[in-house]
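Visitor: Oh and the sequence shown: position 86 is 86 in the working numbering, straight run, nothing missing.
The C-beta atom is built at its ideal place from N, Cα and C for all residues, glycine as well.
Computed from a prediction, not measured in an experiment: that's the story for all the values here.
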Amino acid sequence: SSHEDEIARWIFQYLQGVGIAPEISEKNVFCHIAGKNRQKAVIFNGHTDTVSAGIVSDWMYPPVGDGAGVVVDQKIYGLGSSDMKASLAAFLELIERYHREVPPVDLFFSFVREEETTGQGSIDYVKYFQEKWQSRYEDVICIVGEPTEFQYIEVGNRGVHHVELLIEGLACHASQAAGKTTNAPELA
Numbered sequence: 001s002s003h004e005d006e007i008a009r010w011i012f013q014y015l016q017g018v019g020i021a022p023e024i025s026e027k028n029v030f031c032h033i034a035g036k037n038r039q040k041a042v043i044f045n046g047h048t049d050t051v052s053a054g055i056v057s058d059w060m061y062p063p064v065g066d067g068a069g070v071v072v073d074q075k076i077y078g079l080g081s082s083d084m085k086a087s088l089a090a091f092l093e094l095i096e097r098y099h100r101e102v103p104p105v106d107l108f109f110s111f112v113r114e115e116e117t118t119g120q121g122s123i124d125y126v127k128y129f130q131e132k133w134q135s136r137y138e139d140v141i142c143i144v145g146e147p148t149e150f151q152y153i154e155v156g157n158r159g160v161h162h163v164e165l166l167i168e169g170l171a172c173h174a175s176q177a178a179g180k181t182t183n184a185p186e187l188a
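(1) Please classify Q130: does DSSP put it in a helix, a strand, or coil?
(2) Do S122 and I43 come within 8 Å of each other at the CB atom, strictly closer than that value?
(3) Indicate whether D106 and H3 have their beta-carbon atoms separated by less than 8 Å.
(4) Just list the residues that DSSP pairs I76 with in beta bridges.
(5) Exposed or buried, which one is A21 when buried takes at least 16 other CB atoms within 10 Å?
(6) Taking DSSP as the reference, what is the three-state secondary structure of V51?
(7) Look up D124 in the DSSP assignment and say whether it is helix, strand or coil.
(8) Under the DSSP definition of a beta bridge, which residues are partnered with E23?
(9) I'd like to confirm the pairing. Which residues does DSSP put opposite D139 in its beta bridges?
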């Protein structure tokens with residue numbers, strides 16, 4: 001996280017190259033494609049950051065740099081290939097398709113920063129969408145392209161319950177929690 005400048009610029013330039021007029025703000029890239037039904041919208045949200053690669057020598061294939069992105073048995077190996085670059089690639093394909101043909105509803109794409117740490121990119125996008133677009137729509141849904149190994153489709157954020165909780169331990173991303181002796185979530 002916090003190192004999304006390069007991928008944000010790449011996505012921005014890619015979208016310009018296919019004829020889309022993207023917006024870039026604070027390492028977030030947003031775009032919109034008008035649909036046939038202008039009363040409904042679908043937002044596709046994905047994050048551009050990754051967690052740390054950890055101990056690089058523990059990886060079977062290089063996670064980053066030269067040699068990363070190895071394809072074996074139709075699977076891509078590299079840091080972020082599942083969470084979440086595969087979804088970002090699918091979103092880019094959708095953009096290309098619906099730039100050529102009008103989609104059934106308005107489509108929005110948000111490529112956001114800092115999901116793995118602060119969530120600030122999605123917070124930025126919600127504010128942007130609420131201020132600029134939301135009042136135009138009767139129905140809006142959002143698809144977040146997080147990987148689930150095709151095990152389920154989850155309906156998230158059906159409500160909010162705020163609590164204040166203090167747990168002492170080592171803060172870390174869930175992917176790096178194994179073996180921590182004072183893993184805060186496990187202590188809870």
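Guide: Inspection of the coordinates gives the following:
(1) Here Q130 carries a helix assignment [DSSP, helix/strand/coil].
(2) The answer is no: Cβ separation not under 8 Å.
(3) no
(4) Beta-bridge pairing links I76 to V71.
(5) Exposed, by the Cβ-count rule.
(6) coil
(7) Three-state result, D124: helix.
(8) F30.
(9) K40
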